[in-house]
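Here the sequence shown is numbered in this note's numbering, starting from 17 and rising by one per residue. Take a look at the structure below.
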Amino acid sequence: TVHLLVLGNSKRLNLIYAFPLLSVGDFVAVIFDESWWPGEVTDVLQDSCLINFMSRKGMNRFIWPSQKDKASINKSGIFRLMPGPPAPVSNRYLGFDAKFVASITRDVKEYLVEINLRTANASHCIVIACINFDTAHKT
């Protein structure tokens with residue numbers, strides 16, 4: 017079974033990712049605080065997954081935090097399935113394939129720009145509608 021995750025449909029951003037059903041042990045990327053964070057799926061429910069997140073220590077340097085950083089994430093909130101588990105990049109840090117990290121970092125930036133533009137445009141439309149509504153009642 018394949019799930020489709022549509023991340024945008026404008027001319028500037030048309031990212032569609034397909035990934036198989038998630039399984040315990042899969043690594044995924046989730047967007048938090050204007051960046052992406054890798055984590056391991058530790059439990060899979062019907063609409064969500066329990067994910068144990070890694071801590072970022074550089075562009076492609078991650079560690080497991082001393083206290084587990086687990087969160088329940090809706091499956092629609094998963095940005096990308098990672099190509100596999102992280103591998104050691106030094107005695108202390110783990111990392112993922114460098115090309116994959118560059119690709120996902122670029123895609124997340126584009127996605128966040130698109131979301132910010134949509135939010136700004138939606139706010140602008142609401143303001144215009146309110147001004148028109150107020151003007152209509154004053155006349």
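We put the CB at the ideal spot given by N, CA and C, even for glycine.
Per DSSP, the bridge partner or partners of residue i
| i | result |
| --- | --- |
| Gly55 | Val44 and Phe69 |
| Gly111 | Ala103 |
For residue j and residue i, the rounded distance between their alpha carbons
| i | j | result |
| --- | --- | --- |
| Leu133 | Lys125 | 12 Å |
| Trp53 | Asn107 | 21 Å |
| Phe78 | Leu128 | 22 Å |
| Tyr109 | Gly100 | 16 Å |
| Asp113 | Glu130 | 26 Å |
Exposed unless 16 or more other CB atoms sit within 10 angstroms - verdict on residue i
| i | result |
| --- | --- |
| Asp59 | exposed |
| Val40 | exposed |
Chain-order list of residues whose beta-carbon lies under 6 Å from that of residue i (same chain, five-residue window excluded)
| i | result |
| --- | --- |
| Ser88 | Ser64 and Leu66 |
| Cys141 | Caution applies to Cys141, whose pLDDT of 38 falls short of 50 and renders its modelled position unreliable; the model cannot decide the point. |
Integer-rounded CB distance, given that residue j should sit under 8 Å from residue i
| i | j | result |
| --- | --- | --- |
| Ala103 | Gly111 | 7 Å |
| Gly93 | Val46 | 6 Å |
| Asn76 | Gly55 | About 15 Å; that fails the 8 Å criterion. |
7 Å CB neighbourhood of residue i in its chain, flanking five on each side removed
| i | result |
| --- | --- |
| Pro81 | Ser71 |
| Glu50 | Leu128 |
Other residues of its chain near residue i: CB distance less than 8 Å, five sequence neighbours each side excluded
| i | result |
| --- | --- |
| Ile120 | Ala45, Trp52, Phe95 and Arg96 |
| Val105 | Asn76, Arg77 and Gly111 |
Contact test: residue i Cβ vs the ligand NAP heavy atom, cutoff 8 Å
| i | result |
| --- | --- |
| Cys65 | In the structure on display, the ligand NAP does not appear, and there are no ligands present to speak of. |
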